[in-house]
Amino acid sequence: MSAVAPREPRDSSRPVVVVPRVPSASLASDLRAIKVVWHRELLRFVKDRPRLIAGLAQPVLYLFVMGTGLSAMVPSTSGVPFRTFLFPGVLCMAILFSCFFSAGSLVWDRELGFMREMMVAPVRRGAILLGKCLGGTTVGTIQGMILMVIGAIGGVPMSLELVVTIFLELLVICFAITAFGLALAAHVRSIQAFMALMQMVLLPMFFASGALYPLSGLPAWLEVLTRLDPLSYAVAPLRHAVLGASGKAALAPMVTWGSFVVPIWLDLVVIAAYALVALAVARRRFAREDA
Amino acid sequence: MPPETAEPRRAIVVRGLEKRYADVHAVRGIDFEVRAGEVFGFLGPNGAGKSTTISILCTLASPTAGSATVAGHDVVRERDDVRRNIGLVFQETTLDDYLTAHRNLVFHGELYGVPKAVLGERIEQVMTMVGLWDRRDSVVATFSGGMKRRLEIARGLVHAPNVLFLDEPTIGLDPQTRSSIWAYIRELRARHQITVFLTTHYMDEAENCDRIAIIDAGRIVAEGAPESLKAAVGKDRVQVRTADDDVAIVALKEKLGVDARVHDGAITFAVASGEEFVPRLFAELPIAIRSVSVARPSLDDVFLSFTGTTMRDAAARPGEARARR
Ligand SMILES: Nc1ncnc2c1ncn2[C@@H]1O[C@H](COP(=O)(O)OP(=O)(O)O)[C@@H](O)[C@H]1O
Ligand SMILES: [Mg+2]
């Protein structure tokens, strides 16, 4: 045997073999991973027409059927037509479903095996979670903004200020709800279990949030529950903004702690705090899991 | 190029590795080494602990005891370094069915931080190698099992790993796809100097490896080049079909001093020289012989001689029961 193996003759039609090097872990690699995971969530959303349609059909139903039906009984609430009053609640419900659905992809990915492809990559588990969370935030915000258009068609008064405010609030709220969903998703093994858990958590969260009725004059036990519900802190700012467009912001029902009226900025701080706790819970579980 | 050293570089070093799950002792203290650039096979029946070992080597599960290095990095303490240097094709499909083939590979390349400037070309190369470049824009859900497998192999190569892990790469595939997958594996070794660690429960495929380790119930029972393992068995396998197997087995024992058992529906035993034994068989057996076959030792005989059972019989028994023994 010769010491030097004869080199394979280079086939000119084939380029030199490209041999990339994988860079070592850094902040840049984490940011890149977040972006890649986020991007995939968007691609999946864009390709999933039924999801988009289902995600909008339900709120439209609530707004036009329930909103119309009930406004015959309740001509005006907080000084605005019932449908306008209901709109922020419906918005909340739409993003609640959308964000939970996004969070469920954590379970889906595990069931379909794709999670292992991400888990064996040289990126931190936290980056995968954050990518998913931002994906849910983006999708939820997009659906919320589409609903704004539908709301406008349905006669909810709009203004540029309202659109910008809702957009910014949705970013925070959708992030928090997705994080909440991820904390649940990280703790279940099967998609069925996640669905069941979602049923158990989602509707109570919605009904206790003031999305459908003002949170005043409730019995004490329900009042405590509504104050613990993170969604209460999402409904209040959204409704404040929507009523603001009718010049009725002062009439918007706010969350109260005893006699203290929680200002909008504090609502958002509370919801952001919920988000961070939820993410930490999700990460704790997700990081120590064998793939 | 690194300087030539007297000792071949080692891509994988495993020392006293163990993995216990709650009620299963899946890997029970294994030691082996894989040299850089070789194709190393892990051969064993279902439930032997092959996938568990791969999971540990790929940093997806932590060992209960022992240690391992892959590409020079410790699988527990230097996870990220290991991950950057390996490619992994899981036993089950891990593609995103809803995305196109190309998208799946772009996702992988970006996740691993393959520079944008070379990613496109690299993806074209690996997809061309597995013959899927023309199908790059098809959604993966439309692919057959064989195409998915080939795509996964391509994906595992996008970031040019030093060590490629393949967990049962040919399971459930048609013979043609199986042989093309082996062609890729040989090409990898020849052209790209990649170390390949693969698992299989197909004996005939293990023959294609440079070296193999035979694993059964969480323990390595033999290790070496397929040829030398078979040579070490040193005996031919004789299979006889007769009118009455029970009578024949007793006669074999009493007249010829051979311990025979029924495996795969025929009386099976091993003797030093099969051809020379056949005439004595006809002379001594008191009953009609329907057929006789003599085979050079196969890896199944290696397995048989170390574990006392054939691979097929070992796989038929539930893995958990065996691992718990
Ligand atoms: N996550 C797990 N939890 C509990 N037991 C497991 C787990 N993974 C594998 N096992 C058990 O460990 C043993 C070895 O499994 P595995 O490594 O998958 O074998 P192989 O890949 O050789 O077929 C089996 O008995 C299997 O049931
Ligand atoms: Mg396996």
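Keeping their order, the protein sequence lines are chains P and V.
For the first sequence, the numbering used here assigns the number 291 to the last residue and increments by one with no breaks.
For the second sequence, the numbering used here assigns the number 1325 to the last residue and increments by one with no breaks.
For every residue, glycine included, the Cβ atom is placed at its ideal position computed from N, Cα and C.
Since this is a predicted model, take the numbers as computed values, not measurements.
Check: Positions along the region 108–120 of chain P whose CB lies within less than 9 Å of some CB in chain V; Outcome: Asp-109, Leu-112, Gly-113, Phe-114, Met-115, Arg-116, Glu-117, Met-118, Met-119, Val-120
Check: Gly-1044 (chain V) CB to nearest heavy atom of ligand 1 below 7 Å; Outcome: yes
Check: Tyr-274 (chain P) and Ala-176 (chain P) closer than 8 Å at C-beta; Outcome: yes
Check: Chain-ordered chain V contacts of Arg-40 (chain P) [CB-CB under 8 Å]; Outcome: Asp-1096, Leu-1099, Phe-1107
Check: Best match in P:Gly-181, P:Phe-260, P:Leu-63, P:Pro-81 for proximity to Gly-350 (chain P) [C-alpha to C-alpha]; Outcome: The question about residue 350 (chain P) has no answer here: the residues shown for chain P are numbered 1 through 291.
Check: Proximal residues of chain V, C-beta to C-beta of Ser-24 (chain P) below 8 Å; Outcome: Asp-1080, Asp-1081, Arg-1084
Check: Residues that DSSP places opposite Gly-1087 (chain V) in a beta bridge; Outcome: V:Leu-1164
Check: Backbone CA spacing between Ser-996 (chain V) and Ala-1061 (chain V) [nearest angstrom]; Outcome: Residue 996 (chain V) is absent from the model: chain V starts at 1001 and stops at 1325.
Check: Check: Lys-1050 (chain V) C-beta below 7 Å from any heavy atom of ligand 2; Outcome: yes
Check: 6 Å Cβ shell around Gln-1091 (chain V) - same chain, five flanking residues per side excluded; Outcome: Ser-1051, Asp-1167, Glu-1168
Check: Check whether Arg-1010 (chain V) and Ala-1036 (chain V) have beta carbons under 8 Å apart; Outcome: yes
Check: Inside the region 1066–1130 of chain V only - beta strand (DSSP E) runs reaching at least 3 residues; Outcome: 1086–1089
Check: The region 219–240 of chain P: positions lying closer than 8 Å to chain V by Cβ; Outcome: none
Check: Which of helix, strand or coil DSSP assigns to Leu-1198 (chain V); Outcome: strand
Check: Contact check, Lys-1019 (chain V) vs Leu-1095 (chain V), beta carbons under 8 Å; Outcome: no
Check: Near ligand 1: Tyr-1202 (chain V) beta-carbon under 7 Å from a heavy atom; Outcome: no
Check: N- and C-terminal bounds of the alpha helix (DSSP H) containing Leu-1043 (chain V); Outcome: Unbroken run through Leu-1043 (chain V) is the beta strand (DSSP E), 1039–1043; no alpha helix (DSSP H).
Check: Continuous alpha helix (DSSP H) stretch holding Lys-248 (chain P): start and end; Outcome: Run containing Lys-248 (chain P): none; DSSP gives neither H nor E here.
Check: Closest Cα partner of Pro-23 (chain P) within the set V:Ala-1160, V:Arg-1237, V:Gly-1172; Outcome: V:Ala-1160
Check: Inter-residue spacing [alpha-carbon to alpha-carbon] between Thr-84 (chain P) and Phe-206 (chain P); Outcome: 18 Å
Check: Boundaries of the alpha helix (DSSP H) in which His-1025 (chain V) is found, first to last residue; Outcome: Not the alpha helix (DSSP H): His-1025 (chain V) falls in the beta strand (DSSP E), residues 1025–1035.
Check: 8 Å Cβ cut-off: residues of chain P touching His-1025 (chain V); Outcome: In chain order: nothing, as chain P lies at least about 16 Å away.
Check: Chain P contact for His-1159 (chain V) (CB, 8 Å cutoff); Outcome: yes
Check: Beta-ladder partner(s) of Ser-1293 (chain V), from DSSP; Outcome: V:Gln-1239
Check: Cβ separation of Ala-20 (chain P) and Arg-1122 (chain V), assumed to be a contact under 8 Å, to the nearest whole Å; Outcome: A small fix is needed here, since residue 20 (chain P) is Pro in this sequence, not Ala. Indeed they touch by this definition, with Cβ atoms about 6 Å apart.
Check: Partners in chain V for Lys-47 (chain P), counting only beta-carbon separations shorter than 7 Å; Outcome: Tyr-1098
Check: With 16 other Cβ atoms within 10 Å as the buried cut-off, status of Gln-1239 (chain V); Outcome: buried
Check: Chain P contact for Phe-1090 (chain V) (CB, 8 Å cutoff); Outcome: yes
Check: Alpha carbon of Glu-1004 (chain V) to alpha carbon of Ser-1228 (chain V), nearest angstrom; Outcome: Unreliable placement is indicated for Glu-1004 (chain V), whose pLDDT of 46 sits below 50; the coordinate value is still reported in the next sentence. Glu-1004 (chain V) and Ser-1228 (chain V): Cα-Cα distance of roughly 27 Å.
Check: Members of the region 1046–1070 of chain V near chain P, C-beta cut-off 8 Å; Outcome: Ser-1055, Cys-1058, Thr-1059, Leu-1060, Ala-1061, Ser-1062
Check: His-187 (chain P) - DSSP class collapsed to helix/strand/coil; Outcome: coil
Check: Interface residues of chain V facing Val-36 (chain P) [CB-CB closer than 8 Å]; Outcome: Phe-1107, Glu-1110, Leu-1111
Check: Proximity below 8 Å, CB of Leu-86 (chain P) to CB of Gly-67 (chain P); Outcome: yes
Check: Check: Val-188 (chain P) C-beta below 7 Å from any heavy atom of ligand 1; Outcome: no
Check: Bridge partners - Ser-76 (chain P), DSSP secondary structure assignment; Outcome: P:Pro-81
Check: Coarse secondary structure for Ser-2 (chain P), derived from DSSP in three states; Outcome: Low local confidence applies: a pLDDT of 39 at Ser-2 (chain P) is under 50, so the model's placement there is unreliable, with the coordinate-based value given in what follows. DSSP places Ser-2 (chain P) in coil when its eight states are reduced to three.
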